[in-house]
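So the sequence shown is numbered by our numbering: it starts at 5 and just counts up by one. Let me begin by presenting the structure, written as structure tokens, before commenting on it.
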Amino acid sequence: MTKPMITHRCKEYKELHHGIVEKIQKALGTDMDVFLVGGSATVMLEAAIRNGAASHTVGMTNGSFGNRSIELAELNGKQVDKVQVPWGKAIKPEDIAGKITKDVEAVHWVSNESSTGVFSDSVALAKEVRAQNPDALTMVDAVTSAFAMDLRIKEMDPDSVVFGTQKALALPPGLAIMLCSERLLEKAKTVPNRGFYGDLLKIKKQADVDYALTTPPVSLMYALDYQLDRILAEGMQARYRRHQEMADLVRDWADRKLAGIFPEEGYRSNSIGVLNRGGLDFDSFNSKLKAKGFEVSNGYGDIKEKTFRIGHMGDTTPAGIRRLLATMDEILEE
Ligand SMILES: Cc1ncc(COP(=O)(O)O)c(C=O)c1O
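Written out as structure tokens, the structure is:
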């Protein structure tokens, strides 16, 4: 990231951009278009909905970030049919039975709900959407699952998958990444008022010649390029197994020492552990943990007071998680 700056309209930039796109496609096993846009992930979550539906979507939610995607769609003037699933439960195909009618243009949901630590089966959801309405686009927020858990993109065949640099890619924030389908680009041609910054057709035109539409965070892209090489050297299956191992350690600890994990069995995130506090005085526990140099997180949204969260993704290792859990043991004993 400390390399001297280059202009984003030169050959060296094109090589950097092109290399990143190819490495992301290779890592995620897809030939979908990859768009790189300066901003946090939300900029492309919003772009997907704004470009992919003229008026009517279905928003499935089981937590704060699912609610956010519904808000995004509504603030962009879409009529959103809401499918609300209880917090802690996964969104399942039966939750949308009969709801994806012919007039639904797009269906959006969160793959890994960061407020609850629930990982829904997006492959099953995308298949169910298409079985009911083959023309409905599928839009997946993968902010906390991409590069941590296997999204099985080929099988899912989604229309947009969005994430950012600051989660399982373990980089600073500032770049939004979108996998985009041909279907979404075709649909965008028919949707008015796509704006400028997130207009997928403008972005695609530039991406085809290895450019970003507007000035990208070049320093961060150097870091991303470097990090993608490290990720590919680790191997994606090994990376997913490492995340599974970290999650298992945290789940086991939560079962033995506290009141278990919040999300339902079978749909637990491998990137974020959401632990039930039980009788724990979390504020005092957390300040002691901080004093020993560890950072965990409060609960989020409706379950803020009942839970706390441990992020175990990106460059975090099982050894690091073991050290954290040992320190948590010490504090509990104290
Ligand atoms: C599941 C999920 N979606 C969306 C977001 C928003 O991402 P950003 O802040 O990069 O726009 C987050 C942030 O934590 C998230 O966890």
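For every residue, glycine included, the Cβ atom is placed at its ideal position computed from N, Cα and C.
Give me, in chain order, the residues of the same chain whose beta-carbon lies closer than 6 Å to that of aspartate 99; leave out the 5 immediate sequence neighbours on both sides.
Your numbering for residue 99 matches position 95 in the sequence shown. If we look at aspartate 99 and ignore the five residues flanking it on each side, its Cβ neighbours are Val87 and Val89.
Runs of 4 residues minimum, wholly inside the stretch 279-313: which ones carry the alpha helix (DSSP H) assignment?
Listed in chain order, the complete alpha helix (DSSP H) runs (minimum 4 residues) inside the stretch 279-313 are 286-295.
Among Asp285, Arg260, Val254 and Lys296, which one has its Cα closest to the Cα of valine 278?
The residue you call residue 278 lines up with position 274 of the sequence shown. The residue with the shortest Cα to Cα distance from valine 278 is Val254.
Please work out which residues of its chain come closer than 7 Å, Cβ to Cβ, to glutamate 117, disregarding the five sequence neighbours upstream and downstream, and give them in chain order.
By one-based count along the sequence shown, residue 117 stands at place 113. Here the set comprises Asn66, Gly67, Phe69 and Gly70.
Give a single yes or no on whether aspartate 319 has its beta carbon closer than 8 Å to a heavy atom of ligand 1.
The residue labelled residue 319 in the question sits at position 315 within the sequence shown. Not under cutoff, so the answer is no.
Using only the alpha-carbon positions, how far apart do glutamine 136 and glycine 102 sit?
In the sequence shown, the residue the question calls residue 136 occupies position 132. In the sequence shown, the residue the question calls residue 102 occupies position 98. The alpha-carbon atoms of glutamine 136 and glycine 102 are separated by roughly 7 Å.
Inter-residue spacing [alpha-carbon to alpha-carbon] between methionine 332 and methionine 9:
If you number the sequence shown from 1, residue 332 lands on position 328. If you number the sequence shown from 1, residue 9 lands on position 5. So the alpha carbons of these two residues sit roughly 43 Å apart.
Ligand 1 and glutamate 75: does the residue's C-beta get closer than 8 Å to at least one heavy atom of that ligand?
Locating residue 75 in the sequence shown gives position 71, counting from the first residue. Outside the cutoff, so no.
Indicate whether the contact test is met: 3 or more Cβ pairs, each with one atom in the stretch 302-316 and one in the stretch 111-125, closer than 8 Å.
They touch, by the three-pair rule.
Who are the Cβ neighbours of glutamate 268 in its own chain at under 8 Å, not counting the five residues just before and after it?
Residue 268 sits at position 264 when you count from the first residue of the sequence shown. So the qualifying residues of the chain are Gly92, Lys93, Ala94 and Val122.
Three-state secondary structure (DSSP) at asparagine 71?
The sequence position of residue 71 within the sequence shown is 67, counting from 1. Correct three-state label for asparagine 71: helix.
Round the Cβ separation of glutamate 109 and threonine 61 to the nearest angstrom and send it over; I've been treating them as touching at under 8 Å.
Within the sequence shown, numbered from 1, the residue matching residue 109 stands at position 105. Within the sequence shown, numbered from 1, the residue matching residue 61 stands at position 57. Going by Cβ atoms, the distance from glutamate 109 to threonine 61 rounds to 6 Å, so yes, they are a contact pair.
Could you tell me which of Ala152, Ala295, Lys292 and Phe266 sits nearest to arginine 281, measuring between CA atoms?
As a first step, residue 281 is located in the sequence shown; it is residue number 277 there, counting from the start. Per the Cα distances, Phe266.
Rounded to a whole number of angstroms, what is the C-alpha to C-alpha distance between alanine 323 and glutamate 16?
Here residue 323 is taken as the residue at index 319 of the sequence shown, counted from 1. Here residue 16 is taken as the residue at index 12 of the sequence shown, counted from 1. For alanine 323 and glutamate 16, the distance between alpha carbons rounds to 38 Å.
Determine the DSSP secondary structure at glycine 168, reduced to helix, strand or coil.
By 1-based counting over the sequence shown, the position of residue 168 is 164. Correct three-state label for glycine 168: strand.
Could you pull out every residue in the same chain whose Cβ sits closer than 8 Å to the Cβ of glutamine 231, ignoring the five residues on either side in sequence?
Looking up residue 231 in the sequence shown gives position 227. Hits under 8 Å: Leu173, Ala174 and Leu175.
Same chain, Cβ closer than 6 Å to alanine 52, five either side skipped, listed in chain order:
As a position in the sequence shown, residue 52 is number 48, starting the count at 1. Cβ neighbours of alanine 52 beyond the five flanking positions: Met143 and Ser164.
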